[in-house]
Amino acid sequence: AQNCCKSADLREQATNMRLRLPLLCIILEVILIILFGTLVEYNVDTDAKLWNANKNQSATRHDYENEFYYRYPSFQDVHVMIFVGFGFLMTFLQRYGFSSVGFNFLIAAFSLQWATLMQGFFHGMHHGKIHVGVTSMINADFCTGSVLISFGAVLGKTSPVQLLVMAIFEVTLFAVNEFILLTILGANDAGGSMTIHTFGAYFGLVVTRVLYRPNLDKSKHRNSSVYHSDLFAMIGTIYLWMFWPSFNSAITNYGDPQHRTAMNTYYSLASCTLATFAFSALVNPEGKLDMVHIQNAALAGGVAVGTAGEMMLTPFGSMIVGFLAGTISVLGYKYLTPVLESKLKIQDTCGIHNLHGMPGVLGAVVGAVTSALASPAVYGNGLQRVFADGEPGEWNAQSRGGFQAISLVVTLGMALIGGLVTGGYKVGKCSECMLPLGKSFDLIYFKFTTVIILCHSNERI
Amino acid sequence: AQNCCKSADLREQATNMRLRLPLLCIILEVILIILFGTLVEYNVDTDAKLWNANKNQSATRHDYENEFYYRYPSFQDVHVMIFVGFGFLMTFLQRYGFSSVGFNFLIAAFSLQWATLMQGFFHGMHHGKIHVGVTSMINADFCTGSVLISFGAVLGKTSPVQLLVMAIFEVTLFAVNEFILLTILGANDAGGSMTIHTFGAYFGLVVTRVLYRPNLDKSKHRNSSVYHSDLFAMIGTIYLWMFWPSFNSAITNYGDPQHRTAMNTYYSLASCTLATFAFSALVNPEGKLDMVHIQNAALAGGVAVGTAGEMMLTPFGSMIVGFLAGTISVLGYKYLTPVLESKLKIQDTCGIHNLHGMPGVLGAVVGAVTSALASPAVYGNGLQRVFADGEPGEWNAQSRGGFQAISLVVTLGMALIGGLVTGGYKVGKCSECMLPLGKSFDLIYFKFTTVIILCHSNERI
Amino acid sequence: AQNCCKSADLREQATNMRLRLPLLCIILEVILIILFGTLVEYNVDTDAKLWNANKNQSATRHDYENEFYYRYPSFQDVHVMIFVGFGFLMTFLQRYGFSSVGFNFLIAAFSLQWATLMQGFFHGMHHGKIHVGVTSMINADFCTGSVLISFGAVLGKTSPVQLLVMAIFEVTLFAVNEFILLTILGANDAGGSMTIHTFGAYFGLVVTRVLYRPNLDKSKHRNSSVYHSDLFAMIGTIYLWMFWPSFNSAITNYGDPQHRTAMNTYYSLASCTLATFAFSALVNPEGKLDMVHIQNAALAGGVAVGTAGEMMLTPFGSMIVGFLAGTISVLGYKYLTPVLESKLKIQDTCGIHNLHGMPGVLGAVVGAVTSALASPAVYGNGLQRVFADGEPGEWNAQSRGGFQAISLVVTLGMALIGGLVTGGYKVGKCSECMLPLGKSFDLIYFKFTTVIILCHSNERI
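Heads up: the sequence lines are chains A, B and C, in that order. Going by this note's numbering, the letters in the first sequence line up with residues 1073 to 1533, in that order. Going by this note's numbering, the letters in the second sequence line up with residues 1073 to 1533, in that order. Going by this note's numbering, the letters in the third sequence line up with residues 1073 to 1533, in that order.
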């Protein structure tokens, strides 16, 4: 019981790393390797035998039709967003500069492997095997993005061990939610307004609520952002901003959907940026630009066209959505974030509610409306290439819009319950040390890791 | 009248931002959205109906022939140059580090939208509509690049409001000049030695001349470049350097021209870099390398093959051009920039005359000479793929070279007059407060924005 | 003799730059330009006449089959690794921050030109001409990578003049070794575990041994890494990490091999990262993560699948290899590097033995074993697309594995002898000033450059 309480007394950046972190990393990686060895196979585009057999059978199949050439440049852009974009975006908090880049690296490297298994298990099994190729790599990176969004809410309050355990739970629930949305409800969400942003944001917000620590003076840290921190953070911002068109278009169908999605996102972001500069100066009493707004809200336009981007949203529609997203994001930073902290005890370190939460919900709504307005007259033969059930005769736009709306509700539910389960597994007081809810979060992690580690008594707790 | 004078008394980094910047951003974005709504349509490669209708008609049209796959990787490289390259390149001036990245972001986000409209209006209308796709995105980014080049000359002397107004004018004139060169004169300028670099540089130099402020001690700022400023600036330099092959080849014809342009640029830049290191050490009394030279002159090789890069310039020719470009650029920084400031009152903050002005003119001349030497014997059936009028029977190399030379003269004229009009709209003294020319620039902006803002009296001027 | 000794008395960052560096750069570039003018031609994919002639003859040849579209995105990723990755990786040494980026830039710009000639000369001549295209550009960047690896060992001990001379020798020997491996022994080494990493590492280690300077207190510099140095270094690390899949797959065959190589590398790196975090914390008495480990060892997974990545290694196999590579790399930093310095007088500034040396050898061994296990049953018709001599009837896996093993031995021999020749041309004491071996290295450079410069007496020595 005494150990338990001590472990609950966390300090910034990882206490007890001595054995817990190394052993957790090694055990997780060994489990991953064993599961990959038993479950994972090359798909037809990456297997020497299958790809070349296939080619011989079909005279029209050429090497340039390998999915690698359609998707790999997009994959690399997404990869840059995950590792450089998310990593450096969070360096604006001077105090957590290196943690944000370093822990981002660790969590992402773990999550993409675990996501490959979970996404394969829930919606990619072929005769008992998970088939992998560049599309599964993109999907794994997408899932990783969701974990990193949640990381943005708890930055400064968690050790890498806790972050890894959070990733185990969040990746699993992400895959379940994705399965419900894409496979059961047949929803469209190529850029992940719902699956990635809404899910990641509300999951993270619940976890940070559970972890609430009254003494964490967030605003002090934020104010200590300095010249170089801001320039490093701008590296993250700019890379996310530039490559968001690749993010939203990475797994859409080939041809016009991929092309259109990239372009819609481009216009949404440009419009969002002007809204961000405008409202950032407007809400400041002295008319000064707030760097935190520029670094974050200018990206909300990418989030908000994550669902509708592949549809015939038009540049006009994209720009309106982007403008709204930038506006609500800045207003969120200014007026909502302080309320969340003071009233709801939600310490949202990086403001993910403003960048991913609200714009994600907006994106889901825009996606539902755009689906409900889709018609064969506008999409022609391309209807089926955007909507899986878009066969001209059977097309029901209202029904599609309804399923999109249900998908948002499901995602919000999964994120809230998932975050609660992950963050506060044992509701109420800890049975051993009578610590309140927030502390029991750490207790669970402690227990989880002691079970794994086995040699509890050898730790320096 | 008193307000007018006060407004003319600008301080570094945006006075009067309180309402002018937000309202200007909002009004501009609303205008953009309305114009996009009425004028812009998806092109055949991005429209669901058109692309899929087209595919059915032609048995040979496949998704991999969508222009997205030919141009999108190049587009992303160009995008990185515009937002990371230009943004960080200017951080070498420690004092303006964040302004350069932040204002770069704002101006670029606005300019690419405005450029889409202007370029579409002047040379991309189809039945009264502007058709957009990845090629229009690249062209919009190119035009934005020109605005950012001009920004390099006035950095530290202008508010974001002024920069936005400059962008409105410059983008418009850029589109007119581009129309004259590409459509009327049939000029080749895929990498924009003339349209982007020469135009942007001389436009910016005239504006900075008009804005001349004797108290601005530029050299002091430059000397204050420090360790980290230089490393941030090198991020900008290196990204521009690496992706310049993509920049020059982004809108050339598919196949050999795109491939050849990228390679010629690669060799020109490599050769230019050695010339830069050589002459930077040579012109320094102690043989030391000057970081400003390395950060800027090493890029001149990309500028100087912007016109001829798609031609059969050969790696040999490219390397000679690159070597010359690096040499004149370093010599310009050393000997010409101080003269421009002291004799002509042109304060070229970032030295754009050395990086874009002279190498741009060199590139135009090299393009004219290479065109004049082009022959069916060397180009074979590829002649028409490089030169629009390259039909074997009608080919007249001397005429083509002549039109290229005329294009340079037109560009210089447009840039000089355009810069003068933009910078010093009201020539002579201000009629209200009798301030000289340089101050009236601000006055115009003031008037322009007060007209827009309507609520002049509410501003804190 | 007095000059000789003086010249041997180098200080950090380039003495005698005044004339030696500029003249060396100019002379080298002039030689390069002349050799390019006489020897280099566009290949069929970049030549206007050849590409378009070819297209007419073959009805199935389309612009999208130009190698540009298969390789250029990979080339750009490799280019980023060479200029940003290697350049910024070495900024973790605060003292050498700018030298590492700046000299990296110079050496790389020279080496890629020289490599084009040397690689063309040894294994790319067609009727007396070297044919260039995007594949030769990638190969030149690869060779440059090898020189930059060696640079990592001698950082802080060499002037740019010495680095350029080292590059002349190393590029030449690289091309000879590559010729022996790929052409004579028919070895597979698409990602360069042997040709790039093993060769570059052991070459550099021998050179740094020859340059041994007892007073260079390396550990002091390393300890002076600070917050911002570490963030800059992480830029290098992350870019190398993200783009390593492109590096290893850049010159493999089109289709499944390129796709598979990228994916194998991705999984190897993810696994390696977890191993790195685990062992970095494990070997530290306080369980703290060592930033130098994170920045370097996490990349070893990419090196170690450089040979076997294109084979049917499976994600499972890749992850095991990555895990081993990360482990030996961290252990190398912790236990081997200090021994190398204290016992063998090898001052490995950036720890290239841990990042490139041992993982490179591991990669060669993995490649040999994977080759020896390759069978038509697993590869099907794809066997020949991975192994040049993989014709089903004649395939002998054991023999292929044997040749791979011989290739490693040859590479080690070439690197050791090459490094000795380059670093210590004149073995023993200097005949003029009786300085020991280490100093004579500089003497040779001095002599080499004086011969070139001709105007020895004018130098400020």
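Ideal Cβ placement from N, Cα and C applies to all residues, glycine included. Every value quoted in this text rests on a predicted model; they were computed, and no experiment measured them.
Residue nearest to residue i in terms of C-alpha spacing, selected from the options
{"i": "B:Q1419", "options": "B:K1229, B:W1313, B:I1202", "result": "B:K1229"}
{"i": "C:I1366", "options": "C:C1422, C:M1335, C:G1389", "result": "C:C1422"}
{"i": "B:G1196", "options": "B:L1416, B:E1466, B:F1251, B:G1359", "result": "B:F1251"}
{"i": "B:T1163", "options": "B:M1306, B:M1153, B:H1203", "result": "B:M1306"}
{"i": "B:D1117", "options": "A:N1368, A:Q1330, A:A1187, A:T1345", "result": "A:Q1330"}
{"i": "A:A1181", "options": "A:F1271, A:L1236, A:I1256, A:I1202", "result": "A:L1236"}
{"i": "C:F1271", "options": "C:T1255, C:Y1284, C:F1246", "result": "C:F1246"}
{"i": "C:P1448", "options": "C:F1315, C:I1179, C:N1468, C:I1154", "result": "C:N1468"}
{"i": "C:Q1148", "options": "B:K1121, B:S1414, B:G1452, B:M1335", "result": "B:M1335"}
{"i": "A:A1372", "options": "A:L1385, A:A1342, A:M1383, A:Q1476", "result": "A:A1342"}
{"i": "B:S1340", "options": "B:G1308, B:L1385, B:Y1311", "result": "B:L1385"}
Sub-9 Å separation of residue i and residue j beta-carbons
{"i": "B:G1435", "j": "B:G1263", "result": "yes"}
{"i": "A:P1145", "j": "C:P1145", "result": "yes"}
{"i": "B:F1108", "j": "A:M1391", "result": "yes"}
{"i": "B:S1352", "j": "B:V1278", "result": "no"}
{"i": "C:H1151", "j": "C:H1269", "result": "no"}
{"i": "B:F1349", "j": "C:L1104", "result": "no"}
{"i": "B:C1215", "j": "A:A1347", "result": "no"}
{"i": "C:V1377", "j": "C:T1345", "result": "no"}
{"i": "C:V1493", "j": "C:F1241", "result": "yes"}
{"i": "A:S1172", "j": "A:F1155", "result": "no"}
{"i": "B:F1175", "j": "B:F1223", "result": "yes"}
Through-space distance from residue j to residue i, alpha-carbon basis
{"i": "B:L1189", "j": "B:E1113", "result": "11 Å"}
{"i": "A:L1416", "j": "B:Y1141", "result": "48 Å"}
{"i": "C:L1227", "j": "B:E1101", "result": "51 Å"}
{"i": "B:L1478", "j": "B:E1466", "result": "For clarity, residue 1478 of chain B is Ile in the given sequence; the question names Leu instead. About 20 Å."}
{"i": "C:V1458", "j": "A:P1431", "result": "47 Å"}
{"i": "A:I1400", "j": "C:V1355", "result": "48 Å"}
{"i": "C:L1484", "j": "C:A1273", "result": "10 Å"}
{"i": "A:L1303", "j": "C:L1303", "result": "11 Å"}
{"i": "A:G1381", "j": "A:R1332", "result": "7 Å"}
{"i": "B:M1363", "j": "A:E1358", "result": "37 Å"}
{"i": "C:N1260", "j": "C:E1463", "result": "15 Å"}
{"i": "A:G1276", "j": "C:D1119", "result": "55 Å"}
{"i": "A:N1249", "j": "C:Q1470", "result": "48 Å"}
Burial state of residue i, where buried means 16 or more other Cβ atoms lie within 10 Å
{"i": "C:D1135", "result": "buried"}
{"i": "C:T1110", "result": "exposed"}
{"i": "C:P1387", "result": "buried"}
{"i": "C:A1446", "result": "buried"}
{"i": "B:P1410", "result": "exposed"}
{"i": "C:A1187", "result": "buried"}
{"i": "C:T1267", "result": "buried"}
Reduced DSSP secondary structure (H/G/I, E/B, other) of residue i
{"i": "C:Y1114", "result": "strand"}
{"i": "C:K1406", "result": "helix"}
{"i": "C:V1204", "result": "strand"}
{"i": "B:M1197", "result": "strand"}
{"i": "B:I1210", "result": "helix"}
{"i": "C:F1315", "result": "helix"}
{"i": "C:C1505", "result": "Here the model assigns C:C1505 a pLDDT of 37, short of 50, so the residue's position is not dependable, and the following value carries that caveat. If DSSP states are grouped into helix, strand and coil, C:C1505 belongs with coil."}
Residues that residue i contacts on chain E, provided the C-beta gap is smaller than 8 Å
{"i": "B:K1201", "result": "You won't find chain E in this structure, because its protein chains are A, B and C."}
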